[in-house]
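**Q** Please find one structure pasted underneath; my questions will follow.
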Amino acid sequence: MLLGVIADDFTGATDIASFLVENGLSTVQLNGVPDNAAAVDAQAVVISLKSRSCPVEQAVEQSLQALDWLRRQGCQRFYFKYCSTFDSTARGNIGPVTDALLDALGESQTVISPALPVNGRTVYQGYLFVMDQLLSESGMRNHPVTPMTDSNLLRLMEAQASGRCGLVDAAAMDAGADDVRERLQQLAQQGVRYVVLDTLNEQHLLTQGAALKDMKLVTGGSGLAIGLARQWAQPGQTRAQAAGAPQGEKAVVLSGSCSTMTNKQVARYRQQAAAQTIDVARCISDDERGRYARELSDWVQQQSGDLAPLLYATAEPDALRQTQRQYGMETASQAVEALFAALVQRLYQAGFRRFIVAGGETSGVVTQALDIRGFHIGPCISPGVPWVRAIEQPVSLALKSGNFGDENFFARAQTEFPL
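Going left to right, the sequence shown walks through residues 1330 to 1748 as the numbering used here numbers them.
Okay, structure coming up:
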């Protein structure tokens, strides 16, 4: 095992697993820390947790358990994967988890590299951009759980973590891997614990891969995986995407994300296929939620057409704020997640085997409800969003992080990979 990845949510895990496979490393994704010590036959293993927005102590505990399992498999290099939009406020989990992993490994420095240029996530002078906007001026400022009001990664990291943060700027990236390594050494001598990496293009990711291939712990989004995988991939290695190619005839689209892009995707898909919004009020009561899940399952099964029906809790920012004021943010989100869990179990019993899911939290709920413990990674629908196939049962999923994919993503996931 060349690389062990600890990912803080399900779609983030699928995202990085996809890039590892595309760039030459055989990869298996596991949902949660395995409860046994059985070896996994892959060059990279991605362990997906649900630790992005849970209490800090829980996030740290889960991450250390994942690290311990990977080390027992003989893994020597590790990657803490978080979202390319950092998704973590001043009280967030990225800093404490990074500190815990560094301490457990006896390391004194790591890098912060959330960039994914192919999806418009870049870093310049330590500031994170989404397309041509600062993170804090993008749709992420309205995130229901982790509203991003600061774009400066150095400030965000120092607010969360216990050490100093430095920068390797774009000029050093342009100069090449040797200059990056030299700058990292200089910062280490100054006692800098975390180093933000400017990243404006894919060449910068390749430079990072060459400079960091021997670093014991790196942290970032999925982009850095491109550079690292190309350092370790064997010449002529065949891709393993066939193992994750989608299967099954009955499909459904479920959307829980309220990101800007997912709102656009839902709006487009409502013009193409049968769609129904989730009534949060009916999700609140346990008794009513059970009846509601049965009604929605019946509705999905009654639909016919070339494209799968859509059920969505996706809402525009104003509507989302109104719902949160009325019911409370945690109460509303937990109730909707519980509904999705009950719903997918009913649909599976009814023969549904393809689930197209938008949103990291929703994806985690769906995979847990179906008791899926691991995936084979299949062909890409959009950068960072592949089809995946469960290891132990005949279920295929497309797990989309909120802002990933184009406006026609839901339809393309079906038309380019027909039932």
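Virtual Cβ for every residue (Gly too), placed ideally from N, Cα, C.
Mapping the DSSP letters down to three states, classify T1567 as helix, strand or coil.
**A** In the sequence shown, counting from the first residue as 1, residue 1567 sits at position 238. Only weak support exists for where T1567 lies, its pLDDT of 48 falling under 50; the coordinates are left without a value.
**Q** If you drop the 5 nearest sequence neighbours on each side, which residues of the same chain put their C-beta closer than 6 Å to that of E1666?
**A** Looking up residue 1666 in the sequence shown gives position 337. Cβ neighbours of E1666 beyond the five flanking positions: V1694.
**Q** Rounded to whole angstroms, what is the Cα-Cα separation between Q1566 and F1704?
**A** Residue mapping note: residue 1566 aligns to position 237 of the sequence shown, counting from 1. Residue mapping note: residue 1704 aligns to position 375 of the sequence shown, counting from 1. Because Q1566 carries a pLDDT of 47, less than 50, the predicted location of this residue cannot be relied on, and no value is offered for it.
**Q** Should R1718 and Q1537 be called a contact, given that it needs their Cβ atoms to be closer than 8 Å?
**A** Translated into positions along the sequence shown, residue 1718 becomes position 389. Translated into positions along the sequence shown, residue 1537 becomes position 208. No. Outside cutoff.
**Q** Just tell me which of K1542, L1649, A1664 and G1403 has its CA closest to the CA of A1610.
**A** Within the sequence shown, numbered from 1, the residue matching residue 1610 stands at position 281. Of the listed residues, the one whose Cα sits closest to A1610 is A1664.
**Q** Just the C-alpha distance for V1724 and Q1394, rounded to the nearest angstrom, thanks.
**A** Here residue 1724 refers to the residue found at position 395 of the sequence shown. Here residue 1394 refers to the residue found at position 65 of the sequence shown. Cα to Cα, V1724 sits roughly 27 Å from Q1394.
**Q** Measure how close the beta-carbons of T1340 and K1729 come, nearest whole angstrom, since I'm counting them as under 8 Å.
**A** As a first step, residue 1340 is located in the sequence shown; it is residue number 11 there, counting from the start. As a first step, residue 1729 is located in the sequence shown; it is residue number 400 there, counting from the start. Confirmed, about 6 Å.
**Q** Are G1552 and L1534 close, meaning C-beta to C-beta below 8 Å?
**A** Sequence index remark: in the sequence shown, residue 1552 carries index 223 (1-based). Sequence index remark: in the sequence shown, residue 1534 carries index 205 (1-based). Contact flag set, yes.
**Q** Go ahead and pull the three-state DSSP assignment for L1445.
**A** Residue 1445 sits at position 116 when you count from the first residue of the sequence shown. Reduced to three states, the DSSP call for L1445 is strand.
**Q** Can you tell me which residues form a DSSP beta bridge with W1398?
**A** Indexing the sequence shown from 1 puts residue 1398 at position 69. W1398 pairs with nothing; no bridge assigned.
**Q** My understanding is that G1707 touches G1573, with C-beta atoms under 8 Å, so please give their C-beta distance in whole angstroms.
**A** The residue given as residue 1707 occupies position 378 in the sequence shown. The residue given as residue 1573 occupies position 244 in the sequence shown. Confirmed, about 3 Å.
**Q** Spatial neighbours of A1642 within its chain, please: C-beta separation below 6 Å, excluding the five flanking residues on both sides.
**A** Within the sequence shown, residue 1642 is the residue found at index 313, counting from 1. Contacts found: G1585, I1607 and V1665.
**Q** If you follow the beta strand (DSSP E) that L1464 is part of, which residue opens it and which one closes it?
**A** Position 135 of the sequence shown, counting from 1, holds the residue named residue 1464. Neither: L1464 is in no beta strand (DSSP E) and is coded neither H nor E.
**Q** Of the residues K1593, F1409 and L1516, which one's Cα is nearest the Cα of A1336?
**A** As a position in the sequence shown, residue 1336 is number 7, starting the count at 1. Measuring from the Cα of A1336, the nearest candidate turns out to be F1409.
**Q** So, at 7 Å on beta carbons, what are the nonlocal neighbours of A1363 in its own chain, with the 5 sequence-adjacent residues on each side left out?
**A** The residue labelled residue 1363 in the question sits at position 34 within the sequence shown. Correcting the residue identity first, residue 1363 is Pro in this sequence and not Ala. Cβ neighbours of P1363 beyond the five flanking positions: W1398.
**Q** Since I believe T1589 is in contact with V1440 (beta carbons under 8 Å), could you give me their beta-carbon distance rounded to a whole number of angstroms?
**A** As a first step, residue 1440 must be located in the sequence shown, where it is residue number 111. As a first step, residue 1589 must be located in the sequence shown, where it is residue number 260. At roughly 28 Å, the Cβ-Cβ gap does not stay under 8 Å, so V1440 and T1589 are not in contact.
**Q** What ranges does the beta strand (DSSP E) occupy inside the region 1703-1745, keeping only unbroken runs of at least 3 residues that lie completely in it?
**A** List check, beta strand (DSSP E) in window: 1703-1711, 1714-1719 and 1725-1729.
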